[in-house]
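The working numbering applies: residue 586 is where the sequence shown begins, and numbers increase by one.
Even glycine gets a Cβ: it sits at the ideal position worked out from N, Cα and C.
Quick caveat: nothing in here was measured; it's all calculated off a predicted structure.
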Amino acid sequence: MKKQIMVFAVLLSGFSAVAQELDLETCLRMADSANLTVRNARLDVAANDKQIKAYMSARLPKLTFTGDYKYNAIIPGQVVPAEFFGGPPGSYATVQFGVPYNLSNTLQLTQVLYNPQVNYGLNALEINSQVVEIQQRLAEQDVRYQVAGTYFNLQAINKQYAFVEENIANMDKLIANMDALVRQKMVVETELDKLKINRLTLVNTREMLKASKDQLERLLKILIGVEDSAPLQLAPDAMVEKSILVDSETISRPELELLEAQKRMNEEEHKGTNMAYLPSLSLYAAYNYTYNLKPEDDFRTGIEGAFVGLRLDWTLFDGLEKYNKQRVNAINAEKIANQQELVTQQMDMQTENARKQVDIQKGSLAISQEQLMLAERVYQQSEAQFREGIIGSNDLIQVENALQQAQTNVVAAYVQLRLAELDYLKSIGNIK
């Protein structure tokens, strides 16, 4: 009994609610807007959009200012032929150029005219935007799977709890009747003690279920973004077949889309490495104003300067760096192709297995429901026979245990069916 109760206590994730009854659709909708994992995935998408804008701004002109203010404690000199100043040929003189104070200000404009790497970077960011969007969808599917799994486990706990409560109420009636018989000395007190022992077992089971229920509720509140102190009430979920397979034909497999995006990224890296063989060309222009000052001679003058130029950068030999990058790129392309084939096979197998499990668990639930109906009928007959003194407490307890087992089996079958349905929907990327 304890082992079966633990099946329902599997903590797949958190849960939350308000005073209203929450059905599965409402829980999934709340998780889509409030779950922190989903919100972080959406922030990744927003951050990538900003990265694209930042990269695009790198293609705009750049304007920079440089200020250089210095004092020449010793004015630098330069050796020149002495004959420049009327000296003898073959001799040299040291001449100092400049003044002690130089104040230089430069304003420079730079514009990239052609850079083969720019388009590669932009394409890579656009592909990465698709990657983070796919990752967002994967995160949403994982969170929905956790929310739905927790929701159904909590439903199972509630159903099992209701069964135990009903069993305790029935046991209390039997104990009251038996107590009256004991007082009338019509049965021995040992028979009453047997019923009390069975009631204590039921109470212990109820407390275990209550603890598991509290854990699941707290976890579900975390998943759907509800405060821990908020009340929680779930709309009842009927133990029937195929309740969540509303749209089981639409197939979306973001895992394969992610691999396809990685394949396109690999192709762009190949193109980008090839483009690195080409030169880049930039236009630049500058304006400079230098103010020269020598206070002791009261010398002050400013000198302007301006120029416009083109800059060509071309790596003629890089030590086979790009060649080796292309070899690594080719290996990665082969790995991605192998991964695509493997993931396709695995997901096809998961979908087929999940579909079979739905059918199996559907039959199991139907059998468990029929067994429960028979167990309830046997218990009612046995209870009447016990009251008439036809059977003893041992026989009644045995029948009651069989009823409890049938109740547990039907709840377990319900959970397994819901989880099988979830696994199928997850395998086709269609948990809504």
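> Is Ala-870 closer than 9 Å to Gln-663 when the C-beta atoms are compared?
Replying inline: no
>> Excluding the 5 residues flanking Val-697 on each side, which residues of the same chain have their C-beta closer than 6 Å to its C-beta?
In response: Ser-867
>> Going by DSSP in three states, Ser-598 sits in which element: helix, strand or coil?
In response: Confidence is the limiting factor: at Ser-598 the pLDDT is only 37, short of 50, which leaves the residue's position unreliable, though a coordinate-based value still follows. Ser-598: coil per DSSP, three-state reduction.
>> For Asp-608, which residues in the same chain have their Cβ closer than 7 Å to its Cβ, ignoring the five residues on either side in sequence?
In response: Ala-820
>> Distance check for Pro-864 and Asp-882, CA to CA, integer angstroms please.
In response: 51 Å
> Going straight from the alpha carbon of Gln-966 to that of Asn-938, what length do you get?
Replying inline: 42 Å
>> Across the segment 723–740 and the segment 887–894, are there enough close Cβ pairs to call them in contact, namely three or more that are closer than 8 Å?
In response: no
> Would you say Phe-884 reaches chain B, if we count a Cβ-Cβ gap shorter than 9 Å as a contact?
Replying inline: Absence of chain B from the displayed structure is noted, only one protein chain being present.
> Under 9 Å, do Ser-978 and Lys-779 count as touching if we go by C-beta distance?
Replying inline: yes
> Any idea which residues DSSP pairs Arg-885 with across the strands?
Replying inline: Leu-878
> Measuring CA to CA, which of Glu-845, Glu-961, Glu-840, Thr-735 is closest to Ser-797?
Replying inline: Thr-735
>> What does DSSP give as the partner residue(s) for Pro-661 in the beta ladder?
In response: DSSP, once it has assigned bridges, lists no residue as partnering Pro-661.
>> Is it buried or exposed, Gln-847, if we count other Cβ atoms within 10 angstroms and call 16 or more buried?
In response: buried
> When the Cα atoms are used, what is the spatial distance from Arg-896 to Tyr-699?
Replying inline: 11 Å
> Name the DSSP beta bridge partners of Pro-685, please?
Replying inline: Paired residues: none, contrary to the question.
> Out of curiosity, what's the CA-to-CA distance linking Glu-834 and Gln-931?
Replying inline: 18 Å
>> What would DSSP say about Arg-896, mapped onto helix, strand or coil?
In response: strand
> Which ranges does the beta strand (DSSP E) cover as unbroken runs of at least 3 residues, wholly within the segment 900–966, from first to last along the chain?
Replying inline: none
>> Helix, strand or coil, according to DSSP, for Tyr-527 in the structure here?
In response: The structure shown does not extend to residue 527, since the chain is modelled only from 586 through 1017, so no value can be given for it.
>> At the level of alpha carbons, what is the spacing between Gln-954 and Val-995?
In response: 6 Å
>> Nearest by alpha-carbon distance to Leu-794: which of Asn-708, Gln-745, Ala-765, Asp-629 is it?
In response: Gln-745
>> Can you tell me whether Asp-634 is buried or exposed? The criterion is at least 16 other CB atoms within 10 Å of its CB, across all chains shown.
In response: exposed
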